[in-house]
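Novice:
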Amino acid sequence: ENWPAPFNEPKRIHLIATIYAEKVEQLEQVQQRALDRNALTLLGTREGCTFSDDINRVHFGYRDNITQPRFEEVPDSQRHPDRQPKAPLGTVLLGYPTNLDGSTWRVPHPVELGHNGTFNAFRVLKQDVTGFEKYLDQAAFYLFVHPKGGELLPHGDEEKIGKGPSRHAALREIVAANLCGRWRDGTPLALSPEAPNPNEDLTDFDYVGVGDARCPHGAHIRRCNPRGGQIVQRIANNSRRLVRRGVPYGPPYDPANPYDPAKPGDGAEPERGLLGNFIGASLGAQFEAL
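Numbering-wise (our numbering), the sequence shown opens with residue 17 and increments by one.
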């Protein structure tokens, strides 16, 4: 009952179709053909699109869609290096061994439909970008006046964070990087904890050894994919991996013109967020755990 329509009535939904197109006109044509040919009733739509200035940026300002698992038995000679082991096919396909002690997930019946099948969690994730940016402001001010703020960011090192930012702006980016585990350009803290580095490999890193203390244990990417680092669960690491793709929905956030409810004409703040597909052989052990 707390889900937005039409998902608040899940028994009515028989199918969710995802349509990709380069132009809105193409999308509408494909949608109409699907409705006409299959006698379907359209209950609702969710429209997302990449930003025109950066196809991999999301509303919080981070680079996204950086890497996917590599799979055993699937040639991938063109992929970037990655220290994570290749994922068994059973990570996303039912009927194949997984990395859980040779176990396989149960194949639903009939087997002809279950074997080689998978599960896709479609998520509508609302994001409070205004609240996030306000938090960065508050945290940066706290660090700005804290007597040990100079240990976190030595005076004179502000320009390493970006091209000529103020000290407050640099501290904001440090907080944002530690929350995510990456700088907003995608540079992992495990490789470059002091400042963003566009020359670093965005995927070839781990949380053990030299990078162990560089990325906070509570950072988003470390919690979602601990790689070789120690985690609470006693099962093997890399067990939470899945295939995922996200695209923003809603208008881009403009830091020069933030929403202000007291400002005449602002009205209601537009909703922003991510539309995500999370594909794996077990919703509980993979998607829900993340």
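Note that CB positions come from ideal geometry on N, CA and C, so glycine has one too.
1) Determine the direct distance from the alpha carbon of T34 to that of A11, and round the result to whole angstroms.
2) State the DSSP-derived secondary structure class of G64, mapped to helix, strand or coil.
3) What residue does the alpha helix (DSSP H) around I190 start on, and which one ends it?
4) On the three-state DSSP scale, how would you describe A206?
5) Let me check understanding here. Comparing Cα to Cα, which of E287, P286, A193, R260 lies closest to A297?
6) Could you tell me which uninterrupted beta strand (DSSP E) segments, each at least 3 residues in length, are contained entirely in the stretch 145 to 185, listed from first to last along the chain?
7) Can you confirm whether the stretch 261 to 268 touches the stretch 277 to 288 when touching is taken to mean that 3 or more C-beta pairs between the two stretches lie within less than 8 Å?
8) Any contact of the stretch 193 to 200 with the stretch 156 to 164, i.e. 3+ C-beta pairs under 8 Å?
9) Take every Cβ of the stretch 164 to 183, pair it with every Cβ of the stretch 29 to 49, and state whether three or more of those distances are shorter than 8 Å.
10) Which same chain residues, not among the five before or five after D222, have their C-beta less than 6 Å away from its C-beta?
11) Pull up the CB-CB distance for Q143 and F76, whole angstroms please, since I reckon it's below 8 Å.
12) Can you list the beta strand (DSSP E) stretches of 3 or more residues lying completely in the stretch 36 to 120, in chain order?
13) In chain order, what residues of the same chain have a beta carbon less than 8 Å from the beta carbon of R238, not counting five sequence neighbours either side?
14) Rounded to a whole number of angstroms, what is the C-alpha to C-alpha distance between A186 and E63?
15) I'd like to know if K102 contacts chain C, where contact means its C-beta is closer than 8 Å to some C-beta of that chain.
16) Cβ atoms of N136 and F294: under 8 Å apart, would you say?
17) Considering only the beta carbon of each residue, do Y112 and G118 sit closer than 8 Å?
18) Going by DSSP, name the residue or residues bridged to L290.
19) Is it buried or exposed for G283, if we count other Cβ within 10 angstroms and need 16 for buried?
20) How long is the line joining the alpha carbons of R122 and A37, rounded to whole angstroms?
21) For a quick check, are the C-beta atoms of A192 and L205 less than 8 Å apart?
Specialist: Reading it off the structure:
1) Only positions 17 to 306 of the chain appear in the structure, and residue 11 is not among them; the question remains open.
2) By one-based count along the sequence shown, residue 64 stands at place 48. Correct three-state label for G64: coil.
3) Taking the sequence shown and counting its residues from 1, the one referred to as residue 190 is at position 174. Note, I190: alpha helix (DSSP H), 183 to 196.
4) By 1-based counting over the sequence shown, the position of residue 206 is 190. Reduced to three states, the DSSP call for A206 is coil.
5) Here residue 297 is taken as the residue at index 281 of the sequence shown, counted from 1. With distances taken between Cα atoms, A297 lies closest to R260.
6) none
7) yes
8) no
9) no
10) Within the sequence shown, numbered from 1, the residue matching residue 222 stands at position 206. Correct list, in chain order: R99, R243, G244.
11) For the purposes of this step, residue 143 is taken as the residue at position 127 of the sequence shown. For the purposes of this step, residue 76 is taken as the residue at position 60 of the sequence shown. With a Cβ gap of about 6 Å, Q143 and F76 count as contacting.
12) none
13) Looking up residue 238 in the sequence shown gives position 222. Cβ within range, chain order: G197, Y223, C231, P232, G245.
14) Stepping through the sequence shown from its first residue, residue 186 is reached at position 170. Stepping through the sequence shown from its first residue, residue 63 is reached at position 47. Their backbone Cα atoms lie some 34 Å apart in a straight line.
15) In the structure shown, chain C does not exist; there is a single protein chain.
16) Here the question's residue 294 lines up with position 278 in the sequence shown. Here the question's residue 136 lines up with position 120 in the sequence shown. Yes, Cβ-Cβ distance for F294 and N136 is below 8 Å.
17) Taking the sequence shown and counting its residues from 1, the one referred to as residue 112 is at position 96. Taking the sequence shown and counting its residues from 1, the one referred to as residue 118 is at position 102. With contacts defined by Cβ atoms closer than 8 Å, Y112 and G118 do not form a contacting pair.
18) By one-based count along the sequence shown, residue 290 stands at place 274. According to DSSP, L290 bridges with L141, P264.
19) Counting from 1 along the sequence shown, the entry for residue 283 is found at position 267. If you draw a 10 Å sphere on the C-beta of G283, you find fewer than 16 other C-beta atoms in it, and that means exposed.
20) As a working mapping, residue 122 is identified with position 106 in the sequence shown. As a working mapping, residue 37 is identified with position 21 in the sequence shown. Our two residues, R122 and A37, have alpha carbons roughly 35 Å apart in a direct line.
21) For the purposes of this step, residue 192 is taken as residue 176 along the sequence shown, with counting starting at 1. For the purposes of this step, residue 205 is taken as residue 189 along the sequence shown, with counting starting at 1. Taking 8 Å as the Cβ cut-off, A192 and L205 do not qualify as a contacting pair.
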